[in-house]
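Shown next, in structure tokens, is the structure this report addresses.
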Ligand SMILES: Nc1ncnc2c1ncn2[C@@H]1O[C@H](COP(=O)(O)OP(=O)(O)OP(=O)(O)O)[C@@H](O)[C@H]1O
Ligand SMILES: Nc1ncnc2c1ncn2[C@@H]1O[C@H](COP(=O)(O)OP(=O)(O)OP(=O)(O)O)[C@@H](O)[C@H]1O
Ligand SMILES: [Mg+2]
Ligand SMILES: [Mg+2]
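Structure below.
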């Protein structure tokens, strides 16, 4: 493992560099270190960081070339040596920079900023990678299948023998319907729970209720799915759908939506609770001092101030709803259908992505490849929704202090 | 109108609006207010003075039960508004606070437009029947707080974008707009320039014809100018309470004298 | 030492510490500060006075580039500290702010202990070699801000649990603890009682021997008491700037006169 | 490349239980490590299989159907050329209802008439309006029609459509009417299109889900694998097809019509690189395991009557053409 | 009101306009009713959420607690030398040629002998039913023991063997005489035999550590299956997620919220991140397969790949909640820090970040919880698998095949033998305990950081 040795050696050098940097600055600072631009820690850190960055870059490039097949496995030791050399170089350079005039804090902060930027780039890179990995296969799909039928078809009946109807509309409808119901459950409950926890509940109640509700987010979705299948579905059918003459399907959009809503409660409640809690007390005092009731204060002052964060929480919940599979499969069934009746079985895009990818279909047939097209379509749709949400938040955003 | 209020003042001077008996406040273990007894008269301006940290704000917050919002705070003793104990279990703090308005020491405008800031109270208390009436209340309150001219063209802008002094006047306007019976003002003029201060003092004088006003101030001059009664607090005790003129000219307690003459803090 | 500082003051009186030329500030479309030209001397107390909303805080925040944090704010013109343009691209605003300390209009203690509030600046600037030195700095700063006696037994408690005036003094102590070259104080005494005010004024006078102090105040008396130079702002303009005595006794501009005599606001 | 110690297998979830039984025994009885068996569907398994040759690709793909032309082409395109196809036995597909309900004796025609979207009424094509089994066939119980059929992702669906519905279509004579009206291709399709009014419920999950659905809708009849049924005889009662009760024997003899072969596909190129791969394949089809008395048959796999041929082919490392 | 004629007696005029504090006027009453309603909505919401939790918990625990108990049979087994060591030289290499199948027959005869010795008479009890009493795992158990100590051959040893899943289910109430009558895999006679053995103390049901420590077992041996490998796999993945997702997520949020210029680009990034949260988890699996396995050449079924995929999946959750938390820190705190000469970096790391900590931890809790329970993306990278070998110690172990707890649940719910349903619920309990341990730390931390300003 020459690479990991190079890595460990670089780390050792960096640690050494830290102490050397500090030593040198104490030595060169003269009697009063207060005159320095930066504290000695920063000088040490700047040496350590410059020592580390070069070898890390070398190793990253090397492993990337390795993956891309540009270099073979035998190049490992060479890369290790190069990395080690780079570390030594970096150390030398770092140490040589240390001195009275050197703005070590700025240098360190620049590097840290660089790291922060790199981290945010990962999010972008992920998106790019997702789009790329979907785009390629979607292209294959569209070569095999007519795009008009895909986008505007109202029927979804894949067949093993080919000649399938692969219209996205019924799936899209099911996705929106299920998510809507889930949000109708999760948002009011979650928001009210958050309000109660942050504004009314005693510290103890909050200390227990909040983590307890968070457990809901951690229960595997298959448990929810079975709950929907075994308990909620038949209950809805026997007590609502059949008496009202709305059908006798045990799996329904409503079942899945209700159960999914329960799962999403903590997404809304916990995040909103943090945000509401962060609204300064002085705002509450202002409203209470005018004789408004706590609920008026919350509705008219606290919630508007917390709005951007709450919208973020709701969006997150909506996102989970759109991306959920197990609950829909077990709760709402697998039938692609466009209907307004919430007691009928329907299905969602995500479910079909999973089932087409994990089914027994020919992997190069449109029936499998459609999963990628579905993924991309969903991606674009949620992108649109997010843009709208951002716009709305911008419009209603209120800044306090 | 002014004549009338003068007349009125003369007759109602002696009505006790708020009476406090043996009020104690603790913040956790800290005994912040000790045995405060005071009678605040109706249609009178009462000034609370005393060194920083002596408990003026604390006592003010007791009167309209704003201390309820501080978990660590504990109030003992009795405070009566028009003879009714405000800490009675049946009392609704909301109704109490509607009657006893408050301006806080740190300006705290809502993150809403200037208009909505002022209209907030009238709206929740249903003081205006229609938009025109509401507009009128808002304008009157802003004028009273000497802010109208500066903001009349930007009523829709957020209140948080105002300068410190403007924010404070906005908060005064907001409090006045609900027409409380008692108005508690915690250093309302500390961020204001002399002219704005003068305007606010004028407003206070005008308010006095209708409500009782309690004002915390660090400026002895201001206390002398606006108040009829003055209470001097020191280290959590109400040391002396009486006619403003008496307090400033012939204080009974040596600590009051020391403070007024600038010797203790 | 006092003799020395008097001596020193005499010789360095004329050193220009900060010079501003044609400073314009816009908040979005709002032109908040217009063509401000001013020279602030070293080892001098300069007072900014003017009606609320005239731009005093805005100008103060320009000097140490705190306006950088308001996205809507745009600064034009030139401000030089010791002859160096503070808006130069090469200037590190952090270093600038370490040299030019600030006390804000609204007290804003960190939600940390009182000790940590004061010790924060010295810690990040490495002003203390060890805990004992740090303790000393904290104590000295708190004493200077006239807060030591009130908090010496509760240094570990959160700074946000203090009374308004105590918070303000805590912020002063925090600013003083970093030993800046220039100290900008935005209405530092507005929440303080006369005694604390007097102590802070004393502190300012003491600081003057080492730094340049700029203070925004609404109290003409205070300006007269502590400052050697006074600048009068009105509606975003610097109307008049000169020796404090001159401004108060023989103002050149009619607006200054009107303000001082209490006619415009 | 370096050798790998552990065999990696991927593919059909129908084959998975058999593969795990073999893998467990293989790990227990040999010095090789127990293979890792993923389940992700036949398609995904074959796709991984066809990704290429080398130790970071899988060695065996489990399949509940034969590899398709297109897939084979993709394989070859990626350099996976020497593929061994090993049939490990047959999977029976059965129809079962709640154990508490009446027993059913079906014919394929009953299924066609109950579930197809279009049926022949009085010699003309009409929408299916049957609501009870007794309307389809007076011999069947008077129970509401509700069938839980495998979703379109399952290979079982294909078998169900071809061996039950299409057979029933033909048997009932509907195919002729359809052909006359719609033409040959469309007629096949029309036969196999299931009704969408909620009487034929697609199950995208697995047999446990079907079982749970029968629990909550006791009128339902589900499609199961033989092995699953045999493990749950206390909850299910199986229906006969044309008078034949499904069992490993009736399926092996060909009496019971609804079954399909199961396969594993093996990369011959990995015999060198992966420890014990060939031994594993041989172990899989050995009499001890895949024989009629072996644990696989006991679990529900229908042992291949031509097992000996398959053993020979494995021993010879015969690859597909 | 000032227009009123001057009242002679002010006290008399007052009551007309003054209301008592003790009695509420109409409007106040209405507002208070609204307040009560609002508050009760809140309480009801919490109640609902907690009720849902309780119902789910009860379902899980009642279904899964059985997995933690297991029935064993202790019988004397004569290890017949002819069968187990045909060569007779006690050479482990030779003896290992004997398959478990042979051991099965040794056990069968031991069992038959044991039943005979006890003198239990049960009408209609067949040999097959006696044999079927014990698990198939038993043979492997004996074989391992013999191979470890060849000298045992020829002796008679006392063995504790697992009983068959149905019989085990009978002692846990899952199987009844009535269901056994219909069940092809057991029979009332077999259960009666088991009852008789239990009376004699040969059959005991006791706590089952093996469930936590054993690896998965094949479909024929539900009684031997455990979640050992899955726990390790989940643990490894969570370590990867914790060490990657949290720092990266927090760093990205800090950059976007505190440093990035507010322009169209940051808007795009913002939208993009919330959109990533909406990407179905299986798509991350597609990505993981393409990027980490096919492109980067990481091994199949490895926790490292699972961890990376889950990291990408949880990042948006962490970023969104962290950004919201950072946004909620009042600007005056930043001003205060900048005013004493702290750099922006210092103001963020010294003041803003600690204040945002509760929100960050909430995001972390929720993100990790989600990652811990996720199956779909693991489907495509080969972690939804039957794995019997334990992965090694990290860091190398991260590259060994492993499964994960939700995968184990998913797998077991698909298996035919109903005994696996109980195991699956048991695995869910383990998963929840795992989750709870993870959360407790975060919750404790969050409590320390929580404050209002
Ligand atoms: N963030 C901001 N956005 C928009 N306008 C602002 C902002 N801050 C201040 N202003 C406006 O700029 C003008 C000058 O404000 P500034 O805070 O400098 O006044 P000031 O002289 O300090 O007043 P005060 O004595 O009341 O504090 C005011 O009209 C104010 O409304
Ligand atoms: N929330 C709190 N928690 C703990 N102690 C508090 C709190 N609020 C105030 N105190 C303490 O109670 C005492 C009285 O505070 P109070 O705010 O009433 O003073 P004040 O008279 O208003 O002073 P100032 O003029 O400075 O505003 C002070 O010592 C203060 O430190
Ligand atoms: Mg106060
Ligand atoms: Mg200001």
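Chains as they are written, first to last, in this note's numbering: chain A, 486 to 886; chain B, 2 to 266; chain C, 2 to 266; chain D, 10 to 330; chain E, 83 to 535. Beta carbons are placed, not taken as given, at the ideal position from N, Cα and C, and that holds for glycine. Every value quoted in this text rests on a predicted model; they were computed, and no experiment measured them.
May I ask which residues mark the beginning and end of the alpha helix (DSSP H) holding residue i?
| i | result |
| --- | --- |
| residue 757/A | 738-762 |
| residue 68/B | Run containing residue 68/B: none; DSSP gives neither H nor E here. |
| residue 158/E | Not the alpha helix (DSSP H): residue 158/E falls in the beta strand (DSSP E), residues 151-160. |
So does residue i have its beta carbon nearer than 8 Å to some heavy atom of ligand 3?
| i | result |
| --- | --- |
| residue 767/A | no |
| residue 57/B | yes |
| residue 770/A | no |
| residue 237/B | no |
| residue 188/B | yes |
| residue 106/B | yes |
| residue 505/A | no |
Along chain H, which residues have their Cβ under 7 Å away from the Cβ of residue i?
| i | result |
| --- | --- |
| residue 844/A | The chain inventory of the structure shown lacks chain H, comprising the protein chains A, B, C, D and E. |
Assign residue i to one of two classes, buried (16 or more other C-beta atoms within 10 Å of its C-beta) or exposed (fewer than that).
| i | result |
| --- | --- |
| residue 62/B | buried |
| residue 277/D | buried |
| residue 26/D | buried |
| residue 7/C | Confidence is the limiting factor: at residue 7/C the pLDDT is only 43, short of 50, which leaves the residue's position unreliable, though a coordinate-based value still follows. Exposed, since its Cβ has fewer than 16 Cβ neighbours within 10 Å. |
| residue 16/C | exposed |
| residue 190/B | buried |
| residue 30/B | exposed |
Answer yes or no: the CB of residue i versus the heavy atoms of ligand 2, is any distance below 8 Å?
| i | result |
| --- | --- |
| residue 233/B | no |
What is the DSSP secondary structure of residue i, reduced to helix, strand or coil?
| i | result |
| --- | --- |
| residue 241/B | strand |
| residue 531/E | helix |
| residue 299/E | coil |
| residue 439/E | helix |
| residue 512/A | helix |
| residue 732/A | coil |
| residue 207/C | helix |
| residue 522/A | coil |
| residue 109/B | coil |
| residue 507/E | helix |
| residue 186/D | helix |
From what residue to what residue does the beta strand (DSSP E) around residue i run?
| i | result |
| --- | --- |
| residue 78/C | 74-82 |
| residue 50/B | 46-50 |
| residue 134/D | 133-136 |
Does the beta carbon of residue i fall short of 8 Å from some heavy atom of ligand 1?
| i | result |
| --- | --- |
| residue 167/B | yes |
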